[in-house]
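Shown next, in structure tokens, is the structure this report addresses.
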Amino acid sequence: MKSKKIAIASISIVLIGVLIYALFGQGYLYAKSFADELSDYPLPDKTKIVDENFDYGVLFGGGPSGSGGYPTVASFIEIESELSEKELYDYYNKDNIFSVPGEDTRKVGFEIYFAGYYDKKIEKGKVWIEGNTQPKELSSGKNEGSPIKAIVQIRTEFSCPFFIDFY
Numbered sequence: 291m292k293s294k295k296i297a298i299a300s301i302s303i304v305l306i307g308v309l310i311y312a313l314f315g316q317g318y319l320y321a322k323s324f325a326d327e328l329s330d331y332p333l334p335d336k337t338k339i340v341d342e343n344f345d346y347g348v349l350f351g352g353g354p355s356g357s358g359g360y361p362t363v364a365s366f367i368e369i370e371s372e373l374s375e376k377e378l379y380d381y382y383n384k385d386n387i388f389s390v391p392g393e394d395t396r397k398v399g400f401e402i403y404f405a406g407y408y409d410k411k412i413e414k415g416k417v418w419i420e421g422n423t424q425p426k427e428l429s430s431g432k433n434e435g436s437p438i439k440a441i442v443q444i445r446t447e448f449s450c451p452f453f454i455d456f457y
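Following our numbering, the numbering of the sequence shown begins with 291 at its first residue and continues without gaps.
Listed below in structure tokens is the structure:
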């Protein structure tokens, strides 16, 4: 009788753990694995990461919204580089394939923003970058000794089984 109670208690604990993971942790882990792909992407020469962040959820405002209830993940890095704007743009403006959680692979391109052409959006605690990614008159002069700043961002919608977003 005592071993039966222990077995029922053990099964209950496992089921509660799975439920907690499904409700609260799964979306974060999916979003984090996608965001890590940007952090793991090799940087061009003479470039360093100054800041990085990611966020996800169905209640994004601005650009990442309109997802029809699917969570959106936005991951960005702020970089300093001695390369020219043109070299940075060419480096990140290639066909790249990132794995999207819940799918095989999907092309997700880089969004690159140079100083003065973007805004950091913060709404309901969510952070992402919006701005003009269209190539402007890109300078081709090197910035040795006085690095320029830029933001590189990737974002996509994703789905995961049992995803429920409470915020």
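All residues carry an ideal CB built from backbone N, CA and C; glycine is no exception.
Residues bridged to residue i [DSSP beta-bridge criterion]
i: F404; result: A440
i: V417; result: I412
i: E447; result: T362
i: E368; result: D341, I441
N-terminal and C-terminal residue of the alpha helix (DSSP H) that residue i is part of
i: V398; result: Looking at the DSSP string, V398 is not in any alpha helix (DSSP H), and its letter there is neither H nor E.
i: S300; result: 292-310
i: Y346; result: Careful: Y346 lies outside any alpha helix (DSSP H), inside the beta strand (DSSP E) at 337-347.
i: G317; result: 316-330
i: L378; result: 375-382
Integer Cβ distance of residue i from residue j, believed to fall under 8 Å
i: E372; j: P437; result: 5 Å
i: N422; j: F400; result: The Cβ separation is near 14 Å, so there is no contact.
i: S429; j: E368; result: Not really, about 19 Å apart at Cβ, beyond 8 Å.
Quiz item: If we count Cβ pairs, one from each stretch, closer than 8 Å, do we get three or more for the stretch 331-347 versus the stretch 291-308?
Solution: no
Quiz item: How do the stretch 433-448 and the stretch 362-370 stand: do at least 3 beta-carbon pairs fall below 8 Å, yes or no?
Solution: yes
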